[in-house]
Amino acid sequence: MRRAIAWAVVVVTALLLQSTVFAQVKLGGATPELMYLITVIMAMIEGPEAGAISGFAAGMGQDFLLNQPKGINALTLTILGYVVGRVRQYIVTPSPALPVLLVAAATAGGILFYGLVAYLLGQLPGGIVFLFKTAVLSALYNALLTPLVYPVLRRVAESSRAKKVFRW
Amino acid sequence: MAVSRRDRGTRLLVIGLILASLVTITADFRGGKTGPLAALGDAALEIITPLQRAVSNVIRPIGSFFTDIFQVSSIKAENAELKRKLDEIQGEQELVQQLERENAEYELLLELEEAHALETVGARVIGGEFSNFEWTVTIDKGSSDGIGVDMPVLAPGGLAGRVVATTSSAALVELVIDPGSGVEVRLSKSGEHGLLIGHRDQPLLLDLIDIDTPVEPGEAVETSGRITPGLDRIFPPGILVGEVAEIIPDESGLDREILVRPIVDFSRLSVVSVVLAEQPDPDDFLPED
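Taken in sequence, the protein lines are chains A and B. Take the first sequence: its position 108, counting from 1, is numbered 108 in this note's numbering, and each next residue is one higher. Plus 1000 on top of the position in the second sequence (first one is 1) and you've got this note's numbering.
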């Protein structure tokens, strides 16, 4: 329960930041995709199950607040959270660059997947070139934000987890 | 054993979530703008907009500051810019300038409204686009102020877009630069009618103009007042949308691309006004019995 509340706060905060601060501070015309960022980081910290749930919640959150085609982000982020959580289990490296690289790759992959689904539904605005450009720029933007966001989310995850263990 | 059971549980969960997403996509796709999911989306908007307004009020003075930093190319110039900005903030100069600018923008808007004798509601922009794939803004007035879907939205200088969703205290505006936006327009000199289509951050595309019609760069493009396909309302006639920026002839010489620069600066949209007055019903123009 505690974790669910903490997570809801994180999602809403990220959505607010995305639609206010980051709508103004763009990188080459692209905004960061904070939902992708927090899903990937959550999956890295907590594993595939929590990754999938977080992705689903974040995706649904964004879809409904967008008032746009609903469910596509939820689908993309559920899969992304699960896959990243899985992949993370097979990578053994102490390198601090790992989260940054994983975030960049997962964001680009996720946006392309989103674009594919939206395209199949006939709801992709902007065309293929724009999609690829956005995927690259947003991945870069997310990667830049990772060193700032990762420690914060890690602390959120750890504090909500520690209380739970203590109670038992 | 325990591990594999847990794995299976996770897999089932993921499959369940994916199915839920697919059901949502399908339900939304079939339900369209009136389905139950659209209503849920409006409810979500109702929750997020007050929060957005609060954040927007806090970051508004600092927002333009960050934008400036971001666009400076070299560190040296950035440093100078920072120092200059810092001085400004210390003297609360920033706030004064902002107010002055808003004042100027309001005056421009007022001129536009008075020139066309329109009944309008003024609003502030409280949120930008949520993602990379749409060109919409959230404004701080909604259905309780009389705003409804498809109402035209003006910005200082000219047409900004139309309302696509409302809550009681906020509304979502689709800008004319959104690729899904099409506005019925006419060229000011020839009077030729065409359709102006959004093209993201690039100039707008003017379509359906006859190849023989003379068009020159700088020519004003204004709303025609014709009924735009797919909309319930029409944009009031004679509102400036942009001016012809460039004419790119086709290689074959059989067609050309007309690019139109929007008159509104969408990168720094802060005040808008929504046209309330009911547009004339197309049936009104039919001869009476």
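A virtual CB, placed ideally from N, CA and C, is assigned to each residue, including glycine. Computed from a prediction, not measured in an experiment: that's the story for all the values here.
Taking only beta-carbon positions, decide if residue i is within less than 8 Å of chain B.
i, result
"residue 29 of chain A", "yes"
"residue 113 of chain A", "no"
"residue 90 of chain A", "no"
"residue 39 of chain A", "no"
"residue 169 of chain A", "For residue 169 of chain A there is no data in the structure shown, the boundaries of chain A being 1 and 168."
"residue 143 of chain A", "no"
"residue 134 of chain A", "yes"
"residue 93 of chain A", "no"
"residue 5 of chain A", "no"
"residue 79 of chain A", "yes"
Can you list the residues of chain B that residue i reaches, using a CB-CB cut of under 7 Å?
i, result
"residue 64 of chain A", "1040, 1041 and 1044"
"residue 105 of chain A", "Within 7 Å Cβ-Cβ: nothing; residue 105 of chain A doesn't reach chain B, min ~18 Å."
"residue 48 of chain A", "1010"
"residue 138 of chain A", "1132"
Taking 7 Å as the limit between beta carbons, can you name the residues of its chain near residue i, skipping five residues before and five after?
i, result
"residue 65 of chain A", "15"
"residue 84 of chain A", "40, 43, 44, 51, 102 and 106"
"residue 135 of chain A", "108, 111 and 112"
Can you say whether residue i is buried or exposed, counting buried as having 16 or more other CB atoms within 10 angstroms of its CB?
i, result
"residue 159 of chain A", "exposed"
"residue 91 of chain A", "exposed"
"residue 1133 of chain B", "buried"
"residue 82 of chain A", "buried"
"residue 1207 of chain B", "exposed"
"residue 33 of chain A", "buried"
"residue 1204 of chain B", "buried"
"residue 169 of chain A", "Limits of chain A in this structure are 1 at one end and 168 at the other, which puts residue 169 of chain A out of reach."
"residue 987 of chain B", "Residue numbering for chain B in the displayed model covers 1001 to 1289; residue 987 of chain B lies beyond these limits and cannot be assessed."
"residue 1086 of chain B", "exposed"
"residue 1043 of chain B", "exposed"
"residue 1056 of chain B", "buried"
"residue 51 of chain A", "buried"
"residue 1104 of chain B", "exposed"
"residue 1028 of chain B", "buried"
"residue 1289 of chain B", "Any reading at residue 1289 of chain B is ruled out, since the residue's pLDDT is 48, under 50, leaving its predicted position unreliable."
"residue 119 of chain A", "exposed"
"residue 1026 of chain B", "exposed"
"residue 155 of chain A", "exposed"
"residue 1138 of chain B", "buried"
"residue 1111 of chain B", "exposed"
"residue 26 of chain A", "buried"
"residue 1265 of chain B", "exposed"
Report, in whole angstroms, the separation of the C-beta atoms of residue i and residue j, which I expect to be a contact under 8 Å.
i, j, result
"residue 1164 of chain B", "residue 1120 of chain B", "At roughly 18 Å, the Cβ-Cβ gap does not stay under 8 Å, so residue 1164 of chain B and residue 1120 of chain B are not in contact."
"residue 35 of chain A", "residue 77 of chain A", "6 Å"
"residue 1010 of chain B", "residue 49 of chain A", "4 Å"
"residue 1173 of chain B", "residue 1149 of chain B", "No, residue 1173 of chain B and residue 1149 of chain B are not in contact; Cβ-Cβ is about 11 Å, not under 8 Å."
"residue 1243 of chain B", "residue 1258 of chain B", "Residue 1243 of chain B to residue 1258 of chain B, Cβ: 11 Å. No contact."
"residue 106 of chain A", "residue 21 of chain A", "Rounded, the Cβ-Cβ distance is 22 Å, inconsistent with contact."
"residue 1214 of chain B", "residue 1247 of chain B", "Not quite, the Cβ-Cβ distance comes to about 10 Å (not below 8 Å), so this is no contact."
"residue 80 of chain A", "residue 115 of chain A", "13 Å between Cβ atoms; not a contact."
"residue 1124 of chain B", "residue 1271 of chain B", "6 Å"
"residue 1234 of chain B", "residue 1225 of chain B", "6 Å"
"residue 1116 of chain B", "residue 1036 of chain B", "Actually they do not touch by this definition, with Cβ atoms about 38 Å apart."
"residue 1200 of chain B", "residue 122 of chain A", "Not confirmed; about 18 Å, so no contact."
At the 8 Å Cβ level, is residue i part of the contact set with chain A, yes or no?
i, result
"residue 1010 of chain B", "yes"
"residue 1134 of chain B", "yes"
"residue 1055 of chain B", "yes"
"residue 1037 of chain B", "yes"
"residue 1021 of chain B", "yes"
"residue 1048 of chain B", "yes"
Just to confirm my understanding: we take residue i, look at its own chain, exclude 5 residues before and 5 after, and list those with CB closer than 8 Å. What are they?
i, result
"residue 23 of chain A", "31"
"residue 1241 of chain B", "1158, 1159, 1176, 1183, 1185, 1196, 1204, 1221, 1222, 1223, 1260, 1262 and 1263"
"residue 37 of chain A", "14, 103, 107, 142, 145, 146 and 149"
"residue 1168 of chain B", "1046, 1142, 1143 and 1144"
"residue 1019 of chain B", "none"
"residue 1188 of chain B", "1219, 1220, 1221 and 1222"
"residue 117 of chain A", "72, 75 and 76"
Who are the Cβ neighbours of residue i in its own chain at under 6 Å, not counting the five residues just before and after it?
i, result
"residue 1161 of chain B", "1153, 1173, 1174, 1175 and 1176"
"residue 1250 of chain B", "1256"
"residue 168 of chain A", "The predicted position of residue 168 of chain A is uncertain, since its pLDDT is 44 and thus under 50; no value can be drawn from it."
In chain A, which residues lie less than 7 Å from residue i when you measure between Cβ atoms?
i, result
"residue 1052 of chain B", "16, 19 and 20"
"residue 1024 of chain B", "70, 71 and 74"
Under 8 Å between beta-carbons, which chain B residues line up against residue i? List them in chain order, please.
i, result
"residue 126 of chain A", "1133, 1179 and 1200"
"residue 52 of chain A", "1010, 1013, 1014 and 1017"
Which residues of chain A have a Cβ atom closer than 8 Å to the Cβ of residue i, listed in chain order?
i, result
"residue 1029 of chain B", "69 and 121"
Along chain B, which residues have their Cβ under 9 Å away from the Cβ of residue i?
i, result
"residue 146 of chain A", "What residue 146 of chain A touches in chain B: nothing, since even the nearest Cβ is about 18 Å away."
Any beta-carbon of chain D closer than 8 Å to the one on residue i?
i, result
"residue 122 of chain A", "Protein chains in the displayed structure are A and B, and chain D is not among them."
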